[in-house]
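A.B. asks:
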Amino acid sequence: MGQQVDFLIVGQGICGSFLQLELERAGLSHILIDEALPFTASRIAAGLINPVTGRRLVTTWMIDELLAFAREAYHRLADILGSSFLTPVVVADLFPSAQMRLAFLHRLEENGPYLRLPEDERHLLDRFHYELGYGLIDSCYLVDLPGLLAACRRRMKPLGLIREERFESGELAVEEGGVRYRDIEARRIVFCDGVAGLAGPWFSRLPFAPNKGEALVVEIPQLGLDGLVVKKGISLVPWQENLYWAGSSYEWSFEHAQPTELFRLRTESALREWLKLPFRIVDHLAAVRPATLERRPFVGFHPVYPAVGILNGMGTKGCSLAPYFAHKLVQNFSTGAPIQADADVKRFTKVLNRK
Ligand SMILES: Cc1cc2nc3c(=O)[nH]c(=O)nc-3n(C[C@H](O)[C@H](O)[C@H](O)COP(=O)(O)OP(=O)(O)OC[C@H]3O[C@@H](n4cnc5c(N)ncnc54)[C@H](O)[C@@H]3O)c2cc1C
480 MGQQVDFLIV
490 GQGICGSFLQ
500 LELERAGLSH
510 ILIDEALPFT
520 ASRIAAGLIN
530 PVTGRRLVTT
540 WMIDELLAFA
550 REAYHRLADI
560 LGSSFLTPVV
570 VADLFPSAQM
580 RLAFLHRLEE
590 NGPYLRLPED
600 ERHLLDRFHY
610 ELGYGLIDSC
620 YLVDLPGLLA
630 ACRRRMKPLG
640 LIREERFESG
650 ELAVEEGGVR
660 YRDIEARRIV
670 FCDGVAGLAG
680 PWFSRLPFAP
690 NKGEALVVEI
700 PQLGLDGLVV
710 KKGISLVPWQ
720 ENLYWAGSSY
730 EWSFEHAQPT
740 ELFRLRTESA
750 LREWLKLPFR
760 IVDHLAAVRP
770 ATLERRPFVG
780 FHPVYPAVGI
790 LNGMGTKGCS
800 LAPYFAHKLV
810 QNFSTGAPIQ
820 ADADVKRFTK
830 VLNRK
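Per this note's numbering, residue 480 is the first one in the sequence shown, and the count goes up by one each step.
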């Protein structure tokens with residue numbers, strides 16, 4: 480006997496996980512297929528939500544709305560899972576150059592939101608080498624992605640909501656009123672398959688711009704950052720007890736998705752110069768971010784095959800974008816509420832129309 484559902488989801492990264500929750504909240508039946516690959520973007524990401532970006536410390540796209548939604552969504556998730564995966568943090572931005580210090584002070588003068596100076600800029604000198612002081616970024620959050628993904632999965636399993644296997648796109652039949660995949664009949668399918676989406680038959684024409692990132696997991700027993708993420712070129716992010724995530728690289732051009740010796744050596748020597756404490760590298764991570772050319776996500780249903788949807792292209796900001804746009808996608812299906820034009824995949828109708 481086949482299984483009939485409203486939605487079939489492909490992929491359980493941060494996008495698939497929040498889509499699953501939003502479908503449940505809307506009372507729509509669903510099943511998710513995910514092959515448990517160890518090195519996906521969501522599994523190795525730092526999990527930081529930071530409302531300002533770049534050298535000029537500008538406020539990131541839609542951040543006020545995204546932050547407000549994310550706070551609620553992660554709290555809802557904590558209620559369901561019985562454990563919270565969102566922690567407020569402050570980012571200490573150690574100025575790597577006099578220019579960067581000036582840029583920070585300039586932005587502060589302009590009343591740039593989320594920025595302030597610490598009471599004592601020498602506060603971190605017992606643990607780090609730095610000469611030019613630092614600024615603080617407020618309203619940041621840290622998402623424990625490995626914990627969140629594993630908890631969602633553990634919950635889905637006994638409910639029969641997840642199949643841990645590879646989805647084979649060649650076996651998908653797209654019909655007028657829905658899709659068929661093996662024994663599953665669904666009204667819609669939504670691809671939350673991250674960089675694998677580049678190779679799929681439905682959305683490969685979208686302007687993806689995959690970007691590789693690497694990070695080291697470092698043991699620093701005496702660091703005790705306590706609610707602080709410290710950044711100076713590389714970011715040191717609390718990961719697990721005594722362990723810190725140190726990264727990352729942003730590479731537009733790469734030969735493979737594996738960790739490289741070059742990154743390890745570079746990061747290790749940067750840490751040695753920067754840290755006053757002994758450390759030990761315990762792991763080296765790498766994955767490819769599903770980034771897009773215009774730095775906006777891909778959300779919505781295919782203009783030619785409306786039974787086929789996508790929630791992807793989150794780039795460097797999956798933790799803040801995924802909860803919000805999972806909600807928008809489900810709302811669009813349930814009530815016809817539009818997805819904003821610069822995120823809706825229908826902006827690529829011309830490209831997606833081509834045979
Ligand atoms: C080094 C690094 C650091 C980062 N730091 C941050 C950060 O601090 N904050 C932030 O917000 N973002 C960060 N990101 C970006 C973030 O990781 C991504 O935006 C986000 O994880 C994308 O999630 P996703 O669900 O779209 O894709 P993925 O996480 O790639 O999930 C896709 C899922 O689909 C599954 N899948 C794919 N194809 C198939 C198939 N055929 N069959 C079955 N399953 C399939 C995969 O196994 C995977 O589980 C970072 C990324 C990297 C690489």
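Glycine residues also receive a C-beta, built at the ideal position from the N, C-alpha and C atoms.
Only a predicted model underlies this, so the values are computations on that prediction, with no experimental measurement involved.
1. Shortest alpha-carbon distance to T771 belongs to which of E720, I699, R684, H735?
2. Under the three-state reduction of DSSP, which class applies to H781: helix, strand or coil?
3. Have a look at D558 and E734 and give me their C-alpha separation to the nearest angstrom.
4. Is the segment 791 to 804 close to the segment 752 to 763, with three or more CB pairs under 8 Å?
5. Indicate the three-state DSSP secondary structure (helix, strand or coil) for F682 in the structure shown.
6. Check whether the segment 635 to 652 and the segment 577 to 595 are in contact - that is, three or more C-beta pairs closer than 8 Å.
7. Just curious, the beta strand (DSSP E) that I713 is in, first and last residue?
8. Pull up the distance between the alpha-carbon of V696 and that of T828, whole angstroms please.
9. Would you mind stating whether F682 and V489 have Cβ atoms separated by less than 8 Å?
10. Tell me, please, which residues DSSP counts as bridged to P802.
11. Tell me whether P817, by its Cβ, gets closer than 7 Å to a heavy atom of ligand 2.
12. What I want to know is whether the C-beta of L695 ends up closer than 7 Å to one or more non-hydrogen atoms of ligand 1.
13. Would L507 and S799 be called neighbours here (beta carbons separated by less than 8 Å)?
14. Judging by CA-CA distance, which residue of P738, I512, P575 is the nearest neighbour of R661?
15. If we count the other Cβ atoms within 10 Å of its Cβ and call it buried at 16 or more, is A675 buried or exposed?
16. Can you tell me where the beta strand (DSSP E) with W724 in it begins and where it stops?
17. For P689, which residues of its own chain have a beta-carbon under 6 Å away from its beta-carbon, when the five flanking residues on both sides are left out?
18. Quick one: is Y613 buried, meaning 16 or more other Cβ sit within 10 Å of its Cβ, or exposed?
C.D. replies: With the structure as the only source:
1. Within the sequence shown, the letter at position 292 stands for residue 771. That would be R684, whose Cα lies nearest to the Cα of T771.
2. Taking the sequence shown and counting its residues from 1, one reaches residue 781 at position 302. Reduced to three states, the DSSP call for H781 is coil.
3. The residue you call residue 558 lines up with position 79 of the sequence shown. The residue you call residue 734 lines up with position 255 of the sequence shown. The alpha-carbon atoms of D558 and E734 are separated by roughly 42 Å.
4. no
5. If you number the sequence shown from 1, residue 682 lands on position 203. The answer is coil: DSSP assigns F682 none of H, G, I, E or B.
6. no
7. Start at 1 with the first residue of the sequence shown, and residue 713 comes out as number 234. Start and end: 713 to 719.
8. Residue 696 sits at position 217 when you count from the first residue of the sequence shown. Residue 828 sits at position 349 when you count from the first residue of the sequence shown. So the two alpha carbons sit approximately 42 Å from each other.
9. Locating residue 682 in the sequence shown gives position 203, where the first residue counts as 1. Locating residue 489 in the sequence shown gives position 10, where the first residue counts as 1. Contact: no.
10. Taking the first residue of the sequence shown as 1, we reach residue 802 at position 323. BP columns for P802 are empty, so no partner.
11. For the structure depicted, ligand 2 is absent and the ligand set comprises only ligand 1.
12. As a first step, residue 695 must be located in the sequence shown, where it is residue number 216. Result no, Cβ not under 7 Å from ligand 1.
13. As a first step, residue 507 is located in the sequence shown; it is residue number 28 there, counting from the start. As a first step, residue 799 is located in the sequence shown; it is residue number 320 there, counting from the start. The answer is no: Cβ separation not under 8 Å.
14. Here residue 661 is taken as the residue at index 182 of the sequence shown, counted from 1. Of the candidates P738, I512, P575, the one whose C-alpha sits nearest the C-alpha of R661 is I512.
15. Your numbering for residue 675 matches position 196 in the sequence shown. A675 is buried by the Cβ-count criterion.
16. What you label residue 724 is simply residue 245 of the sequence shown in a count that begins at 1. First-last of the beta strand (DSSP E) with W724: 722 to 726.
17. Here residue 689 refers to the residue found at position 210 when the sequence shown is read from its first residue. These residues qualify, in order along the chain: V674, V767.
18. On the sequence shown, residue 613 is found 134 positions in, with the first residue counted as 1. Y613 is buried by the Cβ-count criterion.
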